[in-house]
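First up is the structure itself, then whatever we jot down about it.
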């Protein structure tokens, strides 16, 4: 979220133009844009592979599979929005390197990008909440958890989209701010660190709450799975629910880890920038924006987890097969001894 108070939009004095020019044409900025574009492409490739595995392996419930797939889709939509913004900045950095009027962005031309980027960022968090809500529903209403799982996932997905885009538009009802210029369309105030214009702490608290909730649900399903159950279908559902919950929990822990790093780094840089303003410039802040790394880690985590479940199943099948062969050879030897 942005800080729309008057103090958040202090006009840039003429003496700062050289500083802004150096900021926009710096090698560190240009290298970062190329780097983050490559990260986004890699995240897209890994996501396509993870989605293919989710569709072919069928290890999780349909609702979780649906939501995990769309969590990666929304992550890549975020990357697309972010890379468009940064690549646009890179283009102006080269084309208008000596024109301070056109190298900057106005609030009017950035407004659409601000709204879309805010909505997609909220959506990336909302789909995580949807995953956790689905697991809570399964635990509280286990007897009915097998009823319409795909529809449940689709409904939660739609609610996440509606909530995110509604919140994103509500935060921008005032429209663009005429006369305001910025170095990038990523945020309205990006020349220096302004933690009042962000919701970093609330994002971290939200991610931590999801992680705590997931740990509790994992503990519950793990202990519940140990209970004796002679109903094969119920036993299978418990195993499926446990695996689904583990996938969701690992996803939540990754989100918590990435958000925590971003939050801590922002507060550290803010403190350091009070002594050295260069440590708070927009070029340095970009390197600590960790959401693109989250979109890179999520498909890796899902692929590794699917591979781990597959290897675990193979070991159990081999163990059962080995035991069957041993029993068969034992009875063969026993029958031979009676001949």
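In full-length UniProt numbering, the protein residues as written are 1 to 339.
Backbone N, C-alpha and C define an ideal beta-carbon position, used for all residues, glycine too.
For residue i, tell me which candidate among the options has the shortest Cα-Cα distance.
i, options, result
"residue 125", "208, 56, 91 and 306", "208"
"residue 301", "291, 249, 289 and 260", "249"
"residue 291", "72, 212, 218 and 216", "72"
"residue 36", "90, 110 and 132", "90"
"residue 174", "147, 111, 217 and 218", "111"
"residue 259", "179, 142, 288 and 275", "288"
"residue 262", "205, 247 and 214", "205"
Under 9 Å, do residue i and residue j count as touching if we go by C-beta distance?
i, j, result
"residue 176", "residue 108", "yes"
"residue 105", "residue 185", "yes"
"residue 244", "residue 138", "yes"
"residue 24", "residue 183", "yes"
"residue 123", "residue 94", "no"
"residue 309", "residue 59", "yes"
"residue 69", "residue 51", "yes"
"residue 87", "residue 33", "yes"
"residue 217", "residue 84", "no"
"residue 213", "residue 132", "yes"
"residue 158", "residue 100", "no"
Which same chain residues end up closer than 8 Å to residue i when comparing Cβ atoms and leaving out the 5 residues on each side of it in sequence?
i, result
"residue 195", "Low confidence applies here, because residue 195 scores a pLDDT of 48, under 50, leaving its location unreliable and the question unanswered by this model."
"residue 81", "113, 116, 117 and 120"
"residue 44", "76 and 79"
"residue 53", "302, 303 and 306"
"residue 190", "Unreliable positioning characterises residue 190 in this predicted model, as indicated by a pLDDT of 49, which lies under 50. A coordinate reading is not provided."
"residue 215", "249"
To which residues of the same chain is residue i closer than 6 Å at the C-beta, ignoring the five residues directly before and after it?
i, result
"residue 63", "134, 149, 152 and 153"
"residue 102", "96"
"residue 130", "67, 156 and 160"
"residue 92", "103"
Taking 7 Å as the limit between beta carbons, can you name the residues of its chain near residue i, skipping five residues before and five after?
i, result
"residue 254", "294, 297, 298 and 301"
"residue 168", "115, 118, 119 and 122"
Can you check whether the C-beta of residue i is within less than 9 Å of a C-beta belonging to chain D?
i, result
"residue 263", "No chain D is present in this structure, which holds just one protein chain."
Could I get the ranges of all uninterrupted beta strand (DSSP E) runs contained in the segment 79-138, with 3 residues as the minimum, in chain order? none
Report the start-end ranges of each alpha helix (DSSP H) in the segment 139-170 that is 4 residues or longer and not cut off at the edges. 149-170
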